[in-house]
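S.K.: When the letters of the sequence shown are read in order and numbered with our numbering, they come out as residues 1 to 264.
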Amino acid sequence: MRRRYWVLALAIVPLVLLNLIWQDEPVASTRTEASQGSASPQQAMSAPSKPISADAPSSVATSSQTPAQAPAPSWRALPQEAEERLASEIQESDQPLDERLENLRTVEGQWPSEGESLTLLQGRYAEALEQLASESEQLTLTERLAALTQLQDAWATQYPDLAAELFNPDARLLQARQLWGDEELETLARHFLPAERAEASLGFAKARQQQLDQRGRYQQQLAELEQQLVASQGDMDSVRWQQHREEVLGQFRRDFFAQEQTSP
């Protein structure tokens, strides 16, 4: 169970890594790229340019102007070597979550600086999810959803620069599905998503489940037919039996999908 929540936290932050890691680059690096007339794809995603209106003030700052400073990020960027060490620790270790978090802190300690990495931050969130799941086992689904929403709101408030990626409605729904499965998907979707998006999400999930069910029926019936063909081979030579097999399987496929199309 511990591994499950750790994987959950890692599954919902790839966009955070892509969109935010460049926001902590040194100012000098950004200025150099600007002077070259180009920008990285990551910067383009995380900081799209805005059109300049006709009456916009000059971009040249005067001595009386003080440029607005963006809020400090909730995490610190680490050298590539450190990030690789952290990723290796996550992927290759089967230790309990609390022990892995301690190992991450040890790895990060080799690169002293203020704050914590995004990897460690998401690990702490996984730990919070684990604690919530453990403490809410005896609660109703409504009570569990309220507890999860409260946790998500608290983290979104504490880490506002991560809220758009880690705590948007889709990410919140994903976390609930990972914790409690899809048996109550309709309730989960209607809790986290606006009405229209909830309906669309439920429609997609229903269609997907129908496809999975159809595939399961097809594979099961095909396996049974293959066993029957092997048992009926008898004294047929290989060429004749292969031809017979292909004819039987071809007819099976046509019949199966024709029946599926007429089924409600």
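Just so it is clear, CB atoms sit at the ideal spot from N, CA and C, and this is done for glycine as well.
1. Can the beta-carbon of Q152 be found less than 9 angstroms from the beta-carbon of Q175?
2. Taking all protein chains shown into account, do 16 or more other C-beta atoms lie within 10 angstroms of the C-beta of R31, making it buried, or fewer, making it exposed?
3. Find out if the Cβ-Cβ distance for the pair E89, R100 is shorter than 9 angstroms.
4. Can you list, in chain order, the residues of its chain whose CB lies under 8 angstroms from that of W111, leaving out five sequence neighbours each side?
5. In the DSSP assignment, the alpha helix (DSSP H) including D153 goes from what residue to what residue?
6. For E251, does the three-state DSSP call read helix, strand or coil?
7. Just tell me which of Q259, Q221 and L162 has its CA closest to the CA of S117.
8. Considering Cα atoms alone, identify which of E184, Q178, L173 and D213 is closest to L141.
9. Is N103 helix, strand or coil by DSSP?
10. Taking the alpha-carbon positions, what's the Q36 to E137 distance?
11. Hey, L179 and L132: beta-carbon distance below 9 angstroms or not?
12. Assuming F204 is part of the alpha helix (DSSP H), what are its boundary residues?
13. Excluding the 5 residues preceding and the 5 following F167 in the sequence, name in chain order all residues of the same chain whose CB lies nearer than 7 angstroms to its CB.
14. From R144 to E199, what distance separates their C-alpha atoms?
15. Would you tell me roughly how many angstroms separate the C-alpha atoms of A205 and A189, rounded to the nearest one?
16. Answer with buried or exposed for L86, where buried requires no fewer than 16 other C-beta atoms within 10 angstroms of its C-beta.
17. Helix or strand or just coil, what does DSSP make of W241?
18. Using CA atoms only, rank isn't needed, just tell me which of L120, V230, Q219 and Q261 is closest to V107.
19. Tell me which residues share the same chain as S63 and place their Cβ nearer than 8 angstroms to its Cβ, disregarding the 5 neighbours each side in the sequence.
20. Check whether the Cβ atoms of A147 and E135 lie closer than 9 angstroms to each other.
21. Out of curiosity, what's the CA-to-CA distance linking R124 and T149?
22. Hey, could you find the ends of the alpha helix (DSSP H) G123 is sitting in?
23. For L78, which three-state DSSP category applies?
24. May I ask you to report which of helix, strand or coil DSSP gives F167?
25. Quick one: what's got a C-beta closer than 7 angstroms to L104's C-beta in the same chain, skipping five residues either side?
26. Would you identify the three-state DSSP class for E183, choosing helix, strand or coil?
27. Here's a check: name, in chain order, each residue in its chain whose Cβ is nearer than 7 angstroms to the Cβ of Y218, leaving out the five neighbours to either side.
M.R.: According to the structure data:
1. On the sequence shown, residue 152 is found 152 positions in, with the first residue counted as 1. On the sequence shown, residue 175 is found 175 positions in, with the first residue counted as 1. In this structure, Q175 lies closer than 9 angstroms to Q152 by Cβ.
2. Taking the first residue of the sequence shown as 1, we reach residue 31 at position 31. Unreliable positioning characterises R31 in this predicted model, as indicated by a pLDDT of 39, which lies under 50. The coordinate reading is nonetheless provided below. Label assigned to R31: exposed.
3. Start at 1 with the first residue of the sequence shown, and residue 89 comes out as number 89. Start at 1 with the first residue of the sequence shown, and residue 100 comes out as number 100. Yes, Cβ-Cβ distance for E89 and R100 is below 9 angstroms.
4. Reading the sequence shown from its first residue, position 111 is the one you call residue 111. So the list reads L78, P79 and A82, once near-sequence residues are dropped.
5. Counting from one through the sequence shown, the residue named residue 153 turns up at place 153. Counting along the chain, the alpha helix (DSSP H) containing D153 begins and ends at L141 to Q158.
6. For the purposes of this step, residue 251 is taken as residue 251 along the sequence shown, with counting starting at 1. With the sequence shown as reference, residue 251 is identified as Gln, and Glu is not the correct amino acid for it. Correct three-state label for Q251: helix.
7. As a first step, residue 117 is located in the sequence shown; it is residue number 117 there, counting from the start. The option with the nearest alpha carbon to S117 is L162.
8. Reading the sequence shown from its first residue, position 141 is the one you call residue 141. Ranking E184, Q178, L173 and D213 by Cα distance to L141 puts E184 first.
9. The count along the sequence shown starts at 1 and reaches residue 103 at position 103. Of the three classes helix, strand and coil, the one that applies to N103 here is helix, per DSSP.
10. As a working mapping, residue 36 is identified with position 36 in the sequence shown. As a working mapping, residue 137 is identified with position 137 in the sequence shown. Low per-residue confidence applies at Q36: pLDDT is 44, beneath 50, and the placement is therefore not dependable enough to give any value.
11. Locating residue 179 in the sequence shown gives position 179, where the first residue counts as 1. Locating residue 132 in the sequence shown gives position 132, where the first residue counts as 1. Yes, the pair counts as a contact, with Cβ atoms nearer than the cut-off.
12. Taking the first residue of the sequence shown as 1, we reach residue 204 at position 204. A195 to A231 is the extent of the alpha helix (DSSP H) around F204.
13. Against the sequence shown, residue 167 aligns to sequence position 167. Only Q152, W155 and A156 meet the Cβ criterion.
14. Taking the first residue of the sequence shown as 1, we reach residue 144 at position 144. Taking the first residue of the sequence shown as 1, we reach residue 199 at position 199. C-alpha separation (whole angstroms): 22 angstroms.
15. Stepping through the sequence shown from its first residue, residue 205 is reached at position 205. Stepping through the sequence shown from its first residue, residue 189 is reached at position 189. A205 and A189: Cα-Cα distance of roughly 11 angstroms.
16. Mapped onto the sequence shown, residue 86 falls at position 86. Buried, since its Cβ has 16 or more Cβ neighbours within 10 Å.
17. Translated into the one-based positions of the sequence shown, residue 241 becomes position 241. Note: W241 maps to helix in three-state DSSP.
18. Here residue 107 refers to the residue found at position 107 of the sequence shown. V107 has its Cα closest to that of L120, out of L120, V230, Q219 and Q261.
19. Here residue 63 refers to the residue found at position 63 when the sequence shown is read from its first residue. Note that S63 scores a pLDDT of 44, beneath 50, so its modelled location is shaky; the value from the coordinates is reported in the next line. Excluding sequence neighbours, S63 sits near nothing in its chain.
20. As a working note, residue 147 is residue 147 in the sequence shown. As a working note, residue 135 is residue 135 in the sequence shown. Yes, the pair counts as a contact, with Cβ atoms nearer than the cut-off.
21. Here the question's residue 124 lines up with position 124 in the sequence shown. Here the question's residue 149 lines up with position 149 in the sequence shown. When rounded, the distance between both Cα atoms is 17 angstroms.
22. By 1-based counting over the sequence shown, the position of residue 123 is 123. First-last of the alpha helix (DSSP H) with G123: L118 to E135.
23. For this step, residue 78 is matched to residue 78 along the sequence shown. L78: coil per DSSP, three-state reduction.
24. Counting from 1 along the sequence shown, the entry for residue 167 is found at position 167. Coil at F167, not helix or strand.
25. Here residue 104 refers to the residue found at position 104 of the sequence shown. Taken in chain order, the residues that qualify are L86, E89, T119, L120 and G123.
26. Start at 1 with the first residue of the sequence shown, and residue 183 comes out as number 183. In this structure, E183 counts as coil in the three-state DSSP scheme.
27. Indexing the sequence shown from 1 puts residue 218 at position 218. Cβ within range, chain order: F256.
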